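What follows is one structure encoded as structure tokens, with my remarks underneath.
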Amino acid sequence: MKKNNRLLYRWKKPKNETFLKRAVFFSAIVLILFITVSLLASSFFEKRFQSSSLKGTLHIFSTEQLVTFMGTVNPYFEQGLPNSYQPPSIQSLSFELATNIKPGDIRSLLGRELPGFAIFDTEIIVAGEGTDYTTIPIESAPPLDVLLKEREVAEEKLKVEDTPNTPEPDLTTNGSKVVYLYQSHSYESFLPLLKDAKVPNDAHTSNPEANMIRVGGMLAKELEQRGIGVQQDKTNIGQKLNDRGWSTNNAYKLSREIVEAAVTGNQDITFSFDLHRDSLRKDKTTATINGENYAKLMFVIGEANPNYERNEQLARELHDLLEDKYPGLSRGVFKKNKSQGNGVYNQDLSDRAALIEVGGVDNNLDEIQRSLSAFAEVFTEFYWKDEKVNAGGQ
Numbered sequence: 096m097k098k099n100n101r102l103l104y105r106w107k108k109p110k111n112e113t114f115l116k117r118a119v120f121f122s123a124i125v126l127i128l129f130i131t132v133s134l135l136a137s138s139f140f141e142k143r144f145q146s147s148s149l150k151g152t153l154h155i156f157s158t159e160q161l162v163t164f165m166g167t168v169n170p171y172f173e174q175g176l177p178n179s180y181q182p183p184s185i186q187s188l189s190f191e192l193a194t195n196i197k198p199g200d201i202r203s204l205l206g207r208e209l210p211g212f213a214i215f216d217t218e219i220i221v222a223g224e225g226t227d228y229t230t231i232p233i234e235s236a237p238p239l240d241v242l243l244k245e246r247e248v249a250e251e252k253l254k255v256e257d258t259p260n261t262p263e264p265d266l267t268t269n270g271s272k273v274v275y276l277y278q279s280h281s282y283e284s285f286l287p288l289l290k291d292a293k294v295p296n297d298a299h300t301s302n303p304e305a306n307m308i309r310v311g312g313m314l315a316k317e318l319e320q321r322g323i324g325v326q327q328d329k330t331n332i333g334q335k336l337n338d339r340g341w342s343t344n345n346a347y348k349l350s351r352e353i354v355e356a357a358v359t360g361n362q363d364i365t366f367s368f369d370l371h372r373d374s375l376r377k378d379k380t381t382a383t384i385n386g387e388n389y390a391k392l393m394f395v396i397g398e399a400n401p402n403y404e405r406n407e408q409l410a411r412e413l414h415d416l417l418e419d420k421y422p423g424l425s426r427g428v429f430k431k432n433k434s435q436g437n438g439v440y441n442q443d444l445s446d447r448a449a450l451i452e453v454g455g456v457d458n459n460l461d462e463i464q465r466s467l468s469a470f471a472e473v474f475t476e477f478y479w480k481d482e483k484v485n486a487g488g489q
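Each residue of the sequence shown is one higher than the one before, counting from 96 in my numbering.
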């Protein structure tokens, strides 16, 4: 009888193992179907509601986790996982799926409970020196009527130290305007340039000598001195918004019209940069390099467009070049989707585009000038190397 029991046990064990494998297989299929349907539904609803809870839920899964799930059905998929990758437990993923909370990430716990905390969902692609989630870029603007209230400019602060003469460039774009500069928030300014300006919300003016239009002009000059042709837009965005009865929330909608007209009218435009300044204070937006202060630079890439991977690569390469020659100047590369801001930033109009934050509210023109000169230097190096690669591939 005992022998028969042992045989019966041996017979039942494989059956239980087969049942378990089938259960895992079935669960994986259901999960993959759920993810697929959710992605389709997310895309459908996002067009109508600008956001999607399904999409937010799916964001709890990393690429590696999705590959792990697919690997339960076909082990071939797991060959693409890094050797150091440790797959998560089913319990952990189940908890995240059920609660949308990531263990160890306090942002996922508080993000939906505290007003304004969602801005910390911004993804840091590459962190520069001193960059973390407490120093992410802040998009904020006072009401339009406040922006249009003209502030007195500190004329003595508008003078910039002469920079060393740039050598005659060996290469030029021969008159072609290949870089497009514009300022979606042209009214953004800097406290040192305005009289009686004390707090970040005071740092706004429509005076083109003291706002981002001035910064764009400074960068255009630096690039042109190095042989790179530049086309700069100088639209007073605040006034245009007011003329149309629009709020500042429509700034990117307005600048989109401007960029579309520019790239349509000039087929030579290859790169486009939207220049902004951050609202953080000086200790977060200033770097000291070789005894001199620089306004830190930062790259923001909009994820909600089909070109974001190419644009992200551009920002990464420019960040690396800055780090190599001017360590600490770049705050890094950030990625935003529509839940953290505009999410597109007109970067779907080009696969060589970026939003660049130039300093913060406390930086002065000398600090900004040094940074723009450094950026122009590394961009020129990047541009001609890129041109050589593209020419070789044709």
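Just so it is clear, CB atoms sit at the ideal spot from N, CA and C, and this is done for glycine as well. From a predicted model like this one, the values you see are computed outputs, not experimental measurements.
Our contact map puts residue i next to residue j with C-beta atoms below 8 Å; I'd like the distance itself, whole angstroms only.
i, j, result
"leucine 266", "leucine 314", "Actually they do not touch by this definition, with Cβ atoms about 19 Å apart."
"asparagine 458", "lysine 335", "Contact flag wrong, Cβ pair sits at about 26 Å."
"glutamate 452", "proline 232", "5 Å"
"glycine 423", "alanine 399", "So it is not a contact: roughly 30 Å between Cβ atoms."
"lysine 379", "threonine 230", "5 Å"
Name the DSSP beta bridge partners of residue i, please?
i, result
"tyrosine 389", "Ala382"
"histidine 371", "Glu452"
"phenylalanine 394", "Val428, Ile451"
"glutamate 284", "It is serine, not glutamate, that sits at residue 284 in the sequence shown. Beta-bridge pairing links serine 284 to Asn306."
"alanine 222", "Gly427"
"leucine 242", "According to DSSP, which records beta bridges pairwise, leucine 242 is partnered with nothing at all."
"valine 274", "Val325, Phe366"
Use the C-beta contact count for residue i: other C-beta atoms within 10 angstroms, 16 or more gives buried, fewer gives exposed.
i, result
"glycine 340", "exposed"
"isoleucine 364", "buried"
"alanine 357", "buried"
"lysine 391", "buried"
"glutamate 224", "exposed"
"serine 138", "Low confidence applies to serine 138: its pLDDT is 49, below 50, so where it sits in the model is not reliable enough to give any reading."
"serine 342", "exposed"
"asparagine 344", "exposed"
"isoleucine 332", "buried"
"threonine 359", "exposed"
"glutamate 407", "buried"
"glutamine 362", "exposed"
Could you compute how far the alpha carbon of residue i sits from the alpha carbon of residue j?
i, j, result
"alanine 469", "isoleucine 384", "11 Å"
"alanine 305", "asparagine 269", "31 Å"
"valine 241", "proline 295", "13 Å"
"valine 484", "phenylalanine 474", "15 Å"
"glutamate 251", "isoleucine 463", "16 Å"
"lysine 480", "glutamine 320", "18 Å"
"isoleucine 323", "leucine 128", "51 Å"
"aspartate 415", "arginine 465", "18 Å"
"aspartate 461", "alanine 382", "13 Å"
"valine 310", "alanine 449", "16 Å"
"serine 445", "asparagine 432", "17 Å"
"glutamine 327", "glutamate 355", "14 Å"
"proline 210", "aspartate 297", "Because proline 210 carries a pLDDT of 48, less than 50, the predicted location of this residue cannot be relied on, and the following value inherits that uncertainty. Spanning the two alpha carbons is a distance of roughly 23 Å."
"leucine 409", "phenylalanine 366", "10 Å"
"lysine 420", "leucine 413", "11 Å"
"glutamine 442", "serine 271", "21 Å"
"glutamate 482", "valine 274", "13 Å"
"arginine 411", "glutamate 218", "14 Å"
Report the residue from the options whose alpha carbon sits nearest the alpha carbon of residue i.
i, options, result
"valine 60", "Ser284, Ser367, Gly438", "Examination of residue 60 is not possible in this model, given that the chain is present from 96 through 489 alone."
"tyrosine 389", "Arg426, Lys293, Arg309, Val273", "Arg426"
"glutamate 245", "Pro262, Leu289, Ala236, Gly225", "Leu289"
"glutamate 247", "Glu263, Pro232, Thr300, Lys254", "Thr300"
"glutamate 472", "Leu349, Asp338, Val310, Thr261", "Thr261"
"valine 428", "Gly397, Gln362, Asn345", "Gly397"
"leucine 337", "Lys293, Gly312, Gly311, Tyr282", "Reading off the sequence shown, one finds asparagine at residue 337, where the question assumed leucine. Selected option, being the one with the closest Cα: Tyr282."
"arginine 372", "Leu349, Tyr421, Ser342, Leu286", "Leu286"
"isoleucine 308", "Phe368, Glu476, Asn441", "Phe368"
"alanine 346", "Ile231, Leu467, Ala236, Glu218", "Ala236"
"isoleucine 353", "Ile220, Tyr440, Glu452, Pro422", "Tyr440"
"histidine 537", "Ser374, Lys272, Val255, Ala292", "Since the first residue of the chain shown is 96 and the last is 489, residue 537 is not available in this structure."
"proline 259", "Arg411, Glu317, Gly423, Phe477", "Glu317"
"alanine 222", "Lys430, Asp443, Leu467, Pro401", "Lys430"
"tyrosine 478", "Arg447, Gln362, Ala292", "Arg447"
"glycine 454", "Glu404, Asn402, Phe394", "Phe394"
"leucine 349", "Lys293, Leu370, Gln278", "Gln278"
"aspartate 291", "Ala249, Arg405, Glu418", "Ala249"
"valine 255", "Ile220, Pro401, Gly312", "Gly312"
"leucine 526", "Glu476, Leu370, Leu243", "No answer is possible for residue 526: the residues shown for the chain start at 96 and end at 489."
Give a yes or no on whether 8 Å exceeds the smallest Cβ distance from residue i to chain C.
i, result
"valine 274", "The structure shown has no chain C; it contains just one protein chain."
With respect to 7 Å, is the separation between the Cβ of residue i and the closest non-hydrogen atom of the ligand MN below this value?
i, result
"alanine 236", "With respect to the ligand MN, the structure offers nothing, as it holds no ligand at all."
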